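Undergrad:
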Amino acid sequence: MKNRKLLLLGDEALALGALDAGLSGVYAYPGTPSTEITEYIQSHQGAKERGVHSHWSSNEKTAMEEALGMSFCGKRAMVCMKHVGMNVCADAFVNSAMTGVNGGLIVVAADDPSMHSSQNEQDSRFYSQFAFIPALEPSGQQEAYEMAAYALDFSERVQLPVMMRMVTRLCHSRAVVEQGDERPENTLSYPEKTRQWVLMPGNSRVRYREVLQLWESLKEESEKSPYNKYITGTDRSVGIVASGIAFNYLMENFPDGCPYNVVKISQYPLPEKMLQRLADESDRLLVIEDGQPFIEEKLRGVLPGAKKISGRLDGALPRTGELTPDAVAAAIGLKEAEHEKRCEMVVPRPPALCQGCGHRDVFHALNDVLAGYKDAKVFGDIGCYTLGWLSPFNAIDTVVDMGASITMAKGAADAGQHPAVAVIGDSTFTHSGMTGLLDAINENSPITVIISDNLTTGMTGGQDSQGTGKLEDICLGLGADPAHVRTIDSLPKNHDAMMALFKEEIDYPGLSVIVSRRECIQTARRHNSAKK
Amino acid sequence: MKTDIILAGVGGQGILSIASILGVAALEQNLYLKQAEVHGMSQRGGDVQSNLRLSSSPVHSDLIPLGKADMVVSLEPMEALRYVEYLNPQSGWIVTSTAPFVNIPNYPEQAAIDAALASRERVVAFDMEAAAREIASPRSSNMVLLGACSPLLDIDPSKLEDGIRAIFARKGEKIVEANIAAFRLGREKAIEMRSGK
Ligand SMILES: Cc1ncc(C[n+]2csc(CCOP(=O)(O)OP(=O)(O)O)c2C)c(N)n1
Numbered sequence: 061m062k063n064r065k066l067l068l069l070g071d072e073a074l075a076l077g078a079l080d081a082g083l084s085g086v087y088a089y090p091g092t093p094s095t096e097i098t099e100y101i102q103s104h105q106g107a108k109e110r111g112v113h114s115h116w117s118s119n120e121k122t123a124m125e126e127a128l129g130m131s132f133c134g135k136r137a138m139v140c141m142k143h144v145g146m147n148v149c150a151d152a153f154v155n156s157a158m159t160g161v162n163g164g165l166i167v168v169a170a171d172d173p174s175m176h177s178s179q180n181e182q183d184s185r186f187y188s189q190f191a192f193i194p195a196l197e198p199s200g201q202q203e204a205y206e207m208a209a210y211a212l213d214f215s216e217r218v219q220l221p222v223m224m225r226m227v228t229r230l231c232h233s234r235a236v237v238e239q240g241d242e243r244p245e246n247t248l249s250y251p252e253k254t255r256q257w258v259l260m261p262g263n264s265r266v267r268y269r270e271v272l273q274l275w276e277s278l279k280e281e282s283e284k285s286p287y288n289k290y291i292t293g294t295d296r297s298v299g300i301v302a303s304g305i306a307f308n309y310l311m312e313n314f315p316d317g318c319p320y321n322v323v324k325i326s327q328y329p330l331p332e333k334m335l336q337r338l339a340d341e342s343d344r345l346l347v348i349e350d351g352q353p354f355i356e357e358k359l360r361g362v363l364p365g366a367k368k369i370s371g372r373l374d375g376a377l378p379r380t381g382e383l384t385p386d387a388v389a390a391a392i393g394l395k396e397a398e399h400e401k402r403c404e405m406v407v408p409r410p411p412a413l414c415q416g417c418g419h420r421d422v423f424h425a426l427n428d429v430l431a432g433y434k435d436a437k438v439f440g441d442i443g444c445y446t447l448g449w450l451s452p453f454n455a456i457d458t459v460v461d462m463g464a465s466i467t468m469a470k471g472a473a474d475a476g477q478h479p480a481v482a483v484i485g486d487s488t489f490t491h492s493g494m495t496g497l498l499d500a501i502n503e504n505s506p507i508t509v510i511i512s513d514n515l516t517t518g519m520t521g522g523q524d525s526q527g528t529g530k531l532e533d534i535c536l537g538l539g540a541d542p543a544h545v546r547t548i549d550s551l552p553k554n555h556d557a558m559m560a561l562f563k564e565e566i567d568y569p570g571l572s573v574i575v576s577r578r579e580c581i582q583t584a585r586r587h588n589s590a591k592k
Numbered sequence: 010m011k012t013d014i015i016l017a018g019v020g021g022q023g024i025l026s027i028a029s030i031l032g033v034a035a036l037e038q039n040l041y042l043k044q045a046e047v048h049g050m051s052q053r054g055g056d057v058q059s060n061l062r063l064s065s066s067p068v069h070s071d072l073i074p075l076g077k078a079d080m081v082v083s084l085e086p087m088e089a090l091r092y093v094e095y096l097n098p099q100s101g102w103i104v105t106s107t108a109p110f111v112n113i114p115n116y117p118e119q120a121a122i123d124a125a126l127a128s129r130e131r132v133v134a135f136d137m138e139a140a141a142r143e144i145a146s147p148r149s150s151n152m153v154l155l156g157a158c159s160p161l162l163d164i165d166p167s168k169l170e171d172g173i174r175a176i177f178a179r180k181g182e183k184i185v186e187a188n189i190a191a192f193r194l195g196r197e198k199a200i201e202m203r204s205g206k
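Protein chains in written order, with my numbering: chain A, 61 to 592; chain B, 10 to 206.
(1) Applying a beta-carbon distance threshold of less than 9 Å, which residues of chain B neighbour residue 405 of chain A?
(2) With the cut-off set at 9 Å, would you say residue 292 of chain A and residue 321 of chain A are in Cβ contact?
(3) Give me the subset of the stretch 169 to 200 of chain A whose CB atoms are less than 7 Å from a CB atom of chain B, sorted by chain position.
(4) Since residue 57 of chain B sits in a beta bridge, which residues does DSSP pair it with?
(5) I want to see whether chain A comes within less than 9 Å of residue 201 of chain B, judged by CB atoms only; does it?
(6) Quick check: the Cα distance between residue 71 of chain A and residue 503 of chain A, rounded to an integer number of angstroms?
(7) Who does residue 555 of chain A pair with in a DSSP beta bridge?
(8) Given a threshold of 16 other Cβ atoms within 10 Å of its Cβ, counted over all protein chains shown, does residue 190 of chain A qualify as buried or as exposed?
(9) Under a Cβ-count criterion, where at least 16 other Cβ atoms within 10 Å of its own Cβ denotes burial, should residue 329 of chain A be classed as buried or exposed?
(10) Which of the three DSSP states is assigned to residue 190 of chain B in this structure?
(11) Quick one: complete beta strand (DSSP E) runs, 3+ long, within the stretch 216 to 256 of chain A?
(12) So which residues on chain B does residue 8 of chain A lean against when the C-beta distance must stay under 7 Å?
(13) Under DSSP, the beta strand (DSSP E) around residue 102 of chain B begins and ends at which residues?
(14) What residue range is occupied by the uninterrupted alpha helix (DSSP H) comprising residue 268 of chain A?
(15) Under a CB-based cut-off of 9 Å, is residue 210 of chain A close to chain B?
(16) Between residue 159 of chain B and the rest of its own chain, which residues show a CB-CB distance below 7 Å, the 5 nearest in sequence each way excluded?
(17) For a test of the three-state rule: what should DSSP assign to residue 75 of chain A, helix, strand or coil?
(18) Using a beta-carbon distance below 9 Å, is residue 410 of chain A in contact with chain B?
(19) Please indicate yes or no: does the CB of residue 140 of chain A lie closer than 8 Å to some heavy atom of ligand 1?
(20) Say whether chain B places a C-beta atom closer than 9 Å to the C-beta of residue 140 of chain A.
(21) Let me know if residue 200 of chain A comes out buried or exposed under the rule of 16 or more other beta-carbons within 10 Å of its beta-carbon.
(22) Which chain B residues sit within Cβ distance under 7 Å of residue 309 of chain A?
(23) Could you say which of A:533, A:446, A:84 and A:105 lies nearest to residue 130 of chain A if we only look at CA atoms?
(24) Confirm the yes/no value for this check: CB of residue 178 of chain A, any heavy atom of ligand 1, distance under 8 Å.
(25) Measure the C-alpha to C-alpha separation of residue 192 of chain B and residue 153 of chain B and round it to an integer number of angstroms.
(26) Looking at the structure shown, is residue 369 of chain A part of a helix, part of a strand, or coil, going by DSSP?
(27) Where does the unbroken alpha helix (DSSP H) through residue 336 of chain A begin, and where does it stop?
(28) Using only the alpha-carbon positions, how far apart do residue 415 of chain A and residue 552 of chain A sit?
(29) Mind checking residue 294 of chain A: buried by the 16 CB within 10 Å criterion, or exposed?
(30) Does the distance from the C-beta atom of residue 501 of chain A to that of residue 527 of chain A stay below 9 Å?
(31) Taking 8 Å as the cut-off, is the beta-carbon of residue 26 of chain B closer than that to any non-hydrogen atom of ligand 1?
(32) For residue 40 of chain B, collect the residues of the same chain with a Cβ closer than 8 Å to its Cβ; drop the 5 residues on either side in sequence, then sort them by chain order.
(33) Less than 9 Å separating the beta-carbons of residue 467 of chain A and residue 440 of chain A?
(34) Name the chain A residues that come within less than 9 Å of residue 77 of chain B, Cβ to Cβ?
(35) Along the chain, where does the alpha helix (DSSP H) that runs through residue 513 of chain A open and close?
(36) Would residue 58 of chain B and residue 15 of chain B be called neighbours here (beta carbons separated by less than 9 Å)?
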């Protein structure tokens, strides 16, 4: 097994690293760019034989809590999500620093600078600092592999969860990874300190002081970390701080070695002494980091300091979007390589709903019905059907966060809006639509909720959806009126029937749910070819 | 040895299989590589690209800098032109299918695209879908493309064929053979076209 070379995505390298380090369970809700971590474990033969838990969770909060439960029992667990998933699990995440851990616990937050597949560019390092949870930021696939074991050991040693901050370019880039040794899983055991697992004020006040002390000691850990490095240069005109994959962009521009002093950061909290030394030994500082200017803001503080600091905040690097080797070259003052101009006739090619997708039928029917009303509003949600905002449909007025369609439609109805229609996918509904539906049911809000059920989590590549086969029962169980929980197949030949049904329920002055159903064309194809 | 390739196409066309095969072959030859892929939203019919970097020494950046790509390899002609600013202006090649994939209302005139390609030096362009149909495997135009760019690579073509076998093995011998035939056809056509110039 030893020294096997594999070609792996950053996500897969991290997954394999965790498996080799004795992982007992991965908990996750899909989300680009984190999805492949869990998928790798789900399809890994050894993980199957060992019985490593890898079933999808309903959302990021349930995933985080399930992993914390496994850690409580002494086993090693990992939670994976995209950056906005951190918002969903924030309550559990922040409080997991207060409880601490027993078995090692990794929280993977996969950030998406440039918003390739996301609604914002939030940087998860702020969460790590906010919760007093240490973070690691791998700069490459090999490091992602090795850091998994390091993180689990570290987590057990300091008895805190460890955040693994990834970014899209690392998650979704392949490289050769050399596999190391394997270690057995932990056996069942219970925490020695029991009080901090019950977060009543009296216990929390004691624990909070400990957490703050721990944070100071974590800074010392960062000074000694094998992943933070001070690299002495020959030219002191600028000192460069480069975190995570930004370090690679720096090295790309200096194939024969960087002449400047460099601090490579891959472990947080920041090693303050190392950074002080860089400031002392360099005339000015340049901070290169992917995502938001987290390090740069800390170095600047509020009051003007003695050193000039450049980065994303003074325009040396673009304020938004992912870093590129070219942006980094410009920031260090290198001449731009000769290159052609963009070809002007090339136009953007936005993504679109697939031909044969049932969401298309929902939007066609909905548009045709709503044309008969003045000022109808459609509250959309997150998934493939978000593409219904684009032409030719232009069918959606809002898309905010998972589950917000139902609750915003309810709020709009409270304000007197009619028609107020919510369009939500099946997976998003069980992720965080159900609780909002309960609010609407309890007040019999005059809204029409269309669950466009394609029997899968489509946008992220077709993972199993947690509500498949149960959607109507869930709505009924929450108390929806059976007369207004309706089902129809989303098919072109049903266009008129869909219109009639939508109209009937929109005109009903109370809450209705329409489950409009047709299997995703992509998963249907896969299922068919698997059958053959 | 160092080769930087931008693979381009429209979501669903299968450029990632080309990347996987090149990856398998590179691993065989003990090369270093990094290959940044696109997953997620744009795979639904949007423009997709993959940065593939092969080298005999370690590769730092997952992304190819402007003006440094040795090749843009594309299944769609407008998608090939999307990345010209990344091509090395002295030596970069475009290898592309000329069959347009029109799924947007404002797709440029095909004549304009053809003219833009024809006016360039170092282009290998032909209709790869048609070529794939010629040998009765219309879905393997991506292997025609791999064949067409193979003469520009420092990788033994037999190693690429091994890669094709490895990737398609699960789907049975017939599919493997069809894809290898597509690869060989693409390679022959490209060699012919380059010697014609
Ligand atoms: C909090 C959060 N978690 C995960 C995601 C990633 N994500 C976006 S859409 C989607 C799937 C939605 O599935 P479904 O609602 O069934 O719609 P479909 O894409 O199948 O049409 C996921 C997981 C996200 N945007 N936000």
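Even glycine gets a Cβ: it sits at the ideal position worked out from N, Cα and C.
Keep in mind the model is a prediction, meaning the values are calculated, not measured.
TA: This is what the structure gives:
(1) In the first sequence, the residue the question calls residue 405 of chain A occupies position 345. Here the neighbours are 87, 90, 117, 118, 121, 122 and 125.
(2) In the first sequence, residue 292 of chain A corresponds to position 232, counting from 1. In the first sequence, residue 321 of chain A corresponds to position 261, counting from 1. Going by C-beta atoms, residue 292 of chain A is nearer than 9 Å to residue 321 of chain A.
(3) 176 and 177
(4) One-based indexing of the second sequence puts residue 57 of chain B at position 48. DSSP lists B:18 as partners of residue 57 of chain B.
(5) On the second sequence, residue 201 of chain B is found 192 positions in, with the first residue counted as 1. False, the Cβ-Cβ gap to chain A never drops below 9 Å.
(6) Within the first sequence, residue 71 of chain A is the residue found at index 11, counting from 1. Within the first sequence, residue 503 of chain A is the residue found at index 443, counting from 1. Cα to Cα, residue 71 of chain A sits roughly 44 Å from residue 503 of chain A.
(7) Taking the first sequence and counting its residues from 1, the one referred to as residue 555 of chain A is at position 495. None, per the DSSP bridge assignment.
(8) The residue given as residue 190 of chain A occupies position 130 in the first sequence. It counts as exposed.
(9) Counting from 1 along the first sequence, the entry for residue 329 of chain A is found at position 269. Residue 329 of chain A is buried by the Cβ-count criterion.
(10) For the purposes of this step, residue 190 of chain B is identified with residue 181 of the second sequence, where counting begins at 1. Correct three-state label for residue 190 of chain B: helix.
(11) 222 to 227 and 233 to 238
(12) Since the first residue of chain A shown is 61 and the last is 592, residue 8 of chain A is not available in this structure.
(13) In the second sequence, residue 102 of chain B corresponds to position 93, counting from 1. Where residue 102 of chain B is concerned, the enclosing beta strand (DSSP E) stretches over 102 to 106.
(14) Sequence index remark: in the first sequence, residue 268 of chain A carries index 208 (1-based). That run of the alpha helix (DSSP H) goes 261 to 284.
(15) As a first step, residue 210 of chain A is located in the first sequence; it is residue number 150 there, counting from the start. Judged by the 9 Å Cβ criterion, residue 210 of chain A is not in contact with chain B.
(16) Within the second sequence, numbered from 1, the residue matching residue 159 of chain B stands at position 150. Answer for residue 159 of chain B: 166, 169 and 196, listed in chain order.
(17) Locating residue 75 of chain A in the first sequence gives position 15, counting from the first residue. Here residue 75 of chain A sits in helix by DSSP.
(18) On the first sequence, position 350 is the one that residue 410 of chain A refers to. It does: the Cβ of residue 410 of chain A has a partner Cβ on chain B nearer than 9 Å.
(19) Residue 140 of chain A sits at position 80 when you count from the first residue of the first sequence. Answer for residue 140 of chain A: no, Cβ out of range of ligand 1.
(20) Numbered from 1 along the first sequence, position 80 holds the residue referred to as residue 140 of chain A. Not one chain B Cβ lies under 9 Å of residue 140 of chain A.
(21) Start at 1 with the first residue of the first sequence, and residue 200 of chain A comes out as number 140. Buried, because 16 or more other Cβ atoms sit within 10 Å of the Cβ of residue 200 of chain A.
(22) Reading the first sequence from its first residue, position 249 is the one you call residue 309 of chain A. Ordered by position in chain B, the residues that pass the 7 Å Cβ test against residue 309 of chain A are 70.
(23) Position 70 of the first sequence holds residue 130 of chain A. Here the closest residue by C-alpha is A:84.
(24) Residue mapping note: residue 178 of chain A aligns to position 118 of the first sequence, counting from 1. Answer for residue 178 of chain A: yes, Cβ within range of ligand 1.
(25) Start at 1 with the first residue of the second sequence, and residue 192 of chain B comes out as number 183. Start at 1 with the first residue of the second sequence, and residue 153 of chain B comes out as number 144. Near 5 Å, if we compare the C-alpha coordinates of residue 153 of chain B and residue 192 of chain B.
(26) Indexing the first sequence from 1 puts residue 369 of chain A at position 309. In this structure, residue 369 of chain A counts as strand in the three-state DSSP scheme.
(27) Mapped onto the first sequence, residue 336 of chain A falls at position 276. Note, residue 336 of chain A: alpha helix (DSSP H), 332 to 341.
(28) Here residue 415 of chain A is taken as the residue at index 355 of the first sequence, counted from 1. Here residue 552 of chain A is taken as the residue at index 492 of the first sequence, counted from 1. Going from the Cα of residue 415 of chain A to the Cα of residue 552 of chain A covers about 12 Å.
(29) Taking the first residue of the first sequence as position 1, residue 294 of chain A is located at position 234. Result: exposed.
(30) For the purposes of this step, residue 501 of chain A is taken as residue 441 along the first sequence, with counting starting at 1. For the purposes of this step, residue 527 of chain A is taken as residue 467 along the first sequence, with counting starting at 1. Not in contact: residue 501 of chain A and residue 527 of chain A (Cβ atoms no closer than 9 Å).
(31) Here residue 26 of chain B corresponds to residue number 17 of the second sequence, with the count starting at 1. No, Cβ of residue 26 of chain B sits at least 8 Å from all heavy atoms of ligand 1.
(32) Taking the second sequence and counting its residues from 1, one reaches residue 40 of chain B at position 31. The answer, listed in chain order, is 10, 63, 64 and 65.
(33) As a working mapping, residue 467 of chain A is identified with position 407 in the first sequence. As a working mapping, residue 440 of chain A is identified with position 380 in the first sequence. No, they are not a contact pair.
(34) Within the second sequence, the letter at position 68 stands for residue 77 of chain B. 385, 397 and 399, listed in chain order.
(35) The sequence position of residue 513 of chain A within the first sequence is 453, counting from 1. No alpha helix (DSSP H) holds residue 513 of chain A; the beta strand (DSSP E) holding it covers 508 to 513.
(36) The residue you call residue 58 of chain B lines up with position 49 of the second sequence. The residue you call residue 15 of chain B lines up with position 6 of the second sequence. Their beta carbons are under 9 Å apart, which means residue 58 of chain B touches residue 15 of chain B by this criterion.
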